[in-house]
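Step one of this worksheet: look at the structure below.
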Amino acid sequence: MAKKFMSMRNLHFLLYEVFDTASLAKYPFFSDHGKETFDMVLETGMKMGRDILYPALAEMDRNQPVFEKGTVRVHPVVETVVKECGGGGWIGAHASYELGGQQIPNTIMTAFRGIFAAANYSASVYPFLTSGAAHLIASFGSKELIDTYIPRMFSGQWQGTMALTEPQAGSSLTDLTTTATPTDKGYYLMKGQKIFISCADYDCVENVVNLMLARIEGAPAGIRGISLFVVPKMRPDEKGKLVANDLNCVSIYHKLGYRGAPITQLALGENGDCRGWLVGQPHKGIRHMFQMMNEARIEVGMGAAAIASAAYYASLEYTMERPQGRKITSKNPEEPQIPIIEHADVKRMLLFQRAVVEGSLSLIFQCAIYADLVNVTDGEEKETNELLLEILTPIAKSYPSEMGILSVSQGLQCLGGYGYCDEFPLEQYYRDVRIHPIHEGTTGMQGMDLLGRKVVMKNGKAFMLFLGEAEKTIAGAGSIDELKSCAEALTTALERLKEVTGALTGLAVKGDIEVFLADATLYLEMFGITAIAWQWLIQGITAHHALAKLPAAQDALFYKGKLATCRYFFEYELPKTQGLATRLMRSGDGLTVKMEKEWFGD
Amino acid sequence: MNIVACVKQVPDTEALIKVKPDGSGIDEGGIKWVMNPYDEYGVEEALRLKEAKGGEVTIVSVGPARAMETIRTALAMGAEKGVHVSDPLLDNTDAYTTAAALAAVIKGLNPDIIFCGQRAIDDDSGQVGSILAAILGIPQVTIVTKLEMADGKIKAIKPIEGAQLVIESTLPCVITTQKGLNEPRYASLPGIMKAKKKPVDVKNAAALGIATEPKAKVAKMTPPPDRAPGKIIAGDDPAAKAAELVRLLREEAKVI
Ligand SMILES: Cc1cc2nc3c(=O)[nH]c(=O)nc-3n(C[C@H](O)[C@H](O)[C@H](O)COP(=O)(O)OP(=O)(O)OC[C@H]3O[C@@H](n4cnc5c(N)ncnc54)[C@H](O)[C@@H]3O)c2cc1C
């Protein structure tokens, strides 16, 4: 079985050569850090990924969690992963020193989590779900909540979750009905039902802390009546002893992939004794939760890119070794067969995977940097970083998720029949990666978020900032001969995107909102390809300059591979935006809107 | 307790090793460097001993500038300080000279116990720990898979063919460590942060007053010959094919 699941060389390229993360140290918050620390962080992540997570990849798939005796039995490696991450300080790594963290940049921890996700996605979610939940308490919770929960979450003793979804409220959180009844004792009594909640109950953790959305009794209808609560499985009593909180797992779902992490159905307050504590302000729950959701969306993008990375390396290894067929020009059947990597079509499948994986990783790190800068800058600079992060978040979630599926599919294809069989990990990766367009907001919701909100917010300011960033990159490529055609193609693509955006927002101005958003997913796709092309041009420029400095032989091969993949993206992927634009320019016809549901029948 | 753990930086076990065309050594381009896995057991055992008995752990390494990363890794695991013997004259030197350099450093540290990996996975010579003990004039127990310490003595278990030896030794002594001794810990994030601030002395051969001329030299390094291609026995008759297989195993492969 392939041993490589993520390239450290590529991580170094992106983190140090493309994005100068070491320079984050110039901000006081990060001033204790530098490349030396980051290298050790990444090395440790890789070692843990290789030694602990990766060996359990197939086992966790084949031995799914089992619901028994009121709890969920999970693979024993989960306990090790959570313990090592808690003990090693990885769960709270990004948090401030006061909270017990080490102020590691989000960008570096994004890479760390990516290494884990590539090694074994299911195992990776446990510790980092806790990170996100704890971050939410740290940002909006009272001192008491912080003191009670954060240390135990950072240590890995208590698992964190995000509990939003209900049977009638998935994409439409407006419709959630779990209620919180105020008491005069500082807590609320919770009642309701949650479904699909990841890791909300399992056997090898002391407690679970759900960051839950619910409606305070009598709150206004709609999104403005939703509040955020901490609802633990076990609540600490006055003496700190843990007592059951009338919050029970009643079943788990059986999934296509990503089988090592359970998703649970939870019943709250069946005996009228489920207590929840308000986090932040009443009725501001969605806004608070969005902090975690935005982080989680980029993490989902990373999850998809990471699985696709593991699939790429598994397929690469196979194509190097599998002899099949001869050069098309060879007529002699006596000649030995050649490894399939020598066939142009197999190279195309490998290039496609690389283009998707490394393009996605680049955009994810770009977003992670913006997120770090938002935390350490002020005023206009902060707003710029914020807006860029906001407009790119739906893309950093959806492009890797949707394209990751196709990428893994091409990886599987490289193995032919063996790709379809479970002796090789490709079939598992193919199932595992399928979750990503669904959770943390479906692709459809991301499309509407991008077109309906992000592009038009502040009179299109975020959109203009994005165009400005891409144009800066184009200017940087201008004098480089081998990248000239790529730079020109990106210029054209940006023009096309502007034109399409103008046409679509024109529909909105006319008040035809349904038609305006009907093709939002296509718009997301088009924007996504364009944004990834921008990232590939950035990588191409970096690789070009590095190659000009005549690096060591091994590095030269790496940079040549980068430049070839950059050209591949511009030749094979970017042109797809033309087709999308053709349709999007005609979205005003409202074709899907006009389709009657009765016509679907037969 | 004054504990010393010696570490060597070696190519990652998964690195693709290429021999230089002139056979003088390996091509170091693109290689990922890590702590010798057997040394990790030594560092872990040193840390456990310190945690049980108190004291401090000093990491000593002979190697080029990049070996500092490996020292920092050991400091991030929890060791207190390091000594880095870094001198171009000692690059790729022999086991004796390495041991002499280690001994020169360690003498001054006055240790109760010294850990070395039982061998390094790069040159597989397995001599440094023993030579070090000889130079220091102290006992050694090699290839140890279990270690206990009580009343100023150690009791070590060493597996041998078909049995195991229980060896007692006085202190100070050199222990060379084998897989199975423990599960080395991962560097923790707070450990990584602290490691940067921990002291590492850098010394060259002159400062240690040791001779740098190696006693043994690698004359030539050659990659193993390519494996000969396999042979497929053709034919339709299983009995005839089996007979041919037996003949080949007997006459060509000479394994039966
Ligand atoms: C493995 C897994 C883990 C999960 N983990 C968690 C978790 O930890 N916490 C949690 O709270 N939830 C979790 N979820 C739930 C997940 O977030 C939801 O499944 C997701 O948000 C979609 O909701 P739904 O399943 O109700 O689908 P629906 O909302 O019913 O969507 C079905 C389809 O309809 C489309 N659609 C819905 N509404 C609209 C609309 N207004 N306009 C256009 N199209 C629309 C969607 O895009 C989708 O294609 C998890 C789900 C899975 C499968």
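Protein chains in written order, with my numbering: chain A, 1 to 602; chain B, 1001 to 1256. Where is the CB? At the ideal position from N, CA and C, for every residue including glycine.
Report all residues from its chain with a CB closer than 7 Å to the CB of residue i; omit the five preceding and five following residues, and keep chain order.
i, result
"G1180 of chain B", "T1145"
"K83 of chain A", "G156"
"I195 of chain A", "T165, E166, P167 and Q265"
"K576 of chain A", "I529"
"L11 of chain A", "L42 and A111"
"M1 of chain A", "In this prediction, M1 of chain A scores a pLDDT of 46, lower than 50, which makes its location untrustworthy; the coordinate-derived value is nonetheless stated afterwards. Once the five neighbours on either side are set aside, the close Cβ partners of M1 of chain A are P425."
"I52 of chain A", "V77, T80, V81 and E84"
"A371 of chain A", "N106 and L389"
Just confirm the distance between the C-beta atoms of residue i and residue j, as a whole number of angstroms; I'd bet it's less than 8 Å.
i, j, result
"G1117 of chain B", "T1177 of chain B", "6 Å"
"A123 of chain A", "M60 of chain A", "6 Å"
"E411 of chain A", "Y572 of chain A", "The residue asked about is misnamed: residue 411 of chain A is Gly in this sequence, not Glu. Not really, about 17 Å apart at Cβ, beyond 8 Å."
"T179 of chain A", "G192 of chain A", "6 Å"
"A314 of chain A", "G404 of chain A", "The Cβ separation is near 14 Å, so there is no contact."
"G132 of chain A", "G160 of chain A", "7 Å"
"H288 of chain A", "G280 of chain A", "5 Å"
"D422 of chain A", "Y258 of chain A", "That pair is no contact at about 16 Å."
By a C-beta neighbour count over all protein chains shown, 10 Å radius and 16 as the cutoff for buried, is residue i buried or exposed?
i, result
"G1191 of chain B", "buried"
"R354 of chain A", "buried"
"A462 of chain A", "buried"
"Y420 of chain A", "exposed"
"V1218 of chain B", "exposed"
"L256 of chain A", "exposed"
"H1084 of chain B", "buried"
"E1148 of chain B", "exposed"
"L1165 of chain B", "exposed"
"H254 of chain A", "exposed"
"P1111 of chain B", "buried"
"K233 of chain A", "buried"
"V1060 of chain B", "buried"
"T1222 of chain B", "exposed"
"R453 of chain A", "exposed"
"V1057 of chain B", "buried"
"Y1186 of chain B", "buried"
"G101 of chain A", "buried"
"H33 of chain A", "buried"
"A95 of chain A", "buried"
"Y523 of chain A", "buried"
"M595 of chain A", "exposed"
"G1078 of chain B", "buried"
"P55 of chain A", "exposed"
"A1150 of chain B", "exposed"
Identify the continuous beta strand (DSSP E) that holds residue i and give its terminal residues.
i, result
"E1056 of chain B", "E1056 to V1062"
"S1169 of chain B", "A1163 to T1170"
"S644 of chain A", "It is not possible to answer for residue 644 of chain A, since the shown part of chain A is limited to 1 through 602."
"D1201 of chain B", "V1200 to K1203"
Following the continuous alpha helix (DSSP H) through residue i, name the residue where it begins and the one where it ends.
i, result
"L1109 of chain B", "No alpha helix (DSSP H) holds L1109 of chain B; DSSP gives it neither H nor E."
"F290 of chain A", "G285 to E321"
"W599 of chain A", "Note, W599 of chain A: premise wrong, no alpha helix (DSSP H); not H, not E."
"A368 of chain A", "A344 to V376"
"K594 of chain A", "L591 to K594"
"L557 of chain A", "A553 to Y568"
"A1211 of chain B", "Unbroken run through A1211 of chain B: none, as it is neither H nor E."
"A119 of chain A", "N106 to A119"
Using a Cβ-Cβ cutoff of less than 8 Å, which residues in the same chain neighbour residue i once the five nearest sequence positions on both sides are dropped?
i, result
"V72 of chain A", "P65, V66, D201, Y202, D203, C249, I252, P262 and T264"
"M292 of chain A", "G132, A133, H135, L136, M162 and L211"
"M585 of chain A", "E499, V500 and A503"
Who are the near neighbours of residue i in its chain, counting only those whose CB is closer than 6 Å to its CB and skipping five residues on each side?
i, result
"G1129 of chain B", "C1116, V1174 and T1176"
"A306 of chain A", "G114, A117 and A118"
"D1237 of chain B", "none"
- Touching or not, the segment 195-215 of chain A and the segment 258-271 of chain A, by the rule of three or more beta carbon pairs under 8 Å? At 8 Å Cβ cutoff, the stretches touch.
- Message: Quick test of the definition: if touching needs 3 or more C-beta pairs under 8 Å, does the segment 88-105 of chain A touch the segment 151-159 of chain A?
- Response: Judged by Cβ distances under 8 Å, the segment 88-105 of chain A makes contact with the segment 151-159 of chain A, as three or more pairs qualify.
- Message: Does the structure place the segment 1064-1080 of chain B close enough to the segment 1038-1047 of chain B that three or more beta carbon pairs sit under 8 Å?
- Response: With contact defined as three or more Cβ pairs closer than 8 Å, the segment 1038-1047 of chain B and the segment 1064-1080 of chain B are in contact.
- Pairing CB atoms from the segment 537-548 of chain A with CB atoms from the segment 462-479 of chain A, are three or more of them under 8 Å? Flag = yes, the segment 537-548 of chain A and the segment 462-479 of chain A touch.
- Specify whether the segment 576-585 of chain A and the segment 495-513 of chain A touch according to this definition: at least 3 beta carbon pairs, one from each stretch, less than 8 Å apart. With the rule of 3 Cβ pairs closer than 8 Å, the segment 576-585 of chain A counts as touching the segment 495-513 of chain A.
- Task: Would you check if there are 3 or more beta carbon pairs closer than 8 Å linking the segment 1095-1104 of chain B to the segment 1197-1209 of chain B?
- Result: Verdict: yes, contact present.
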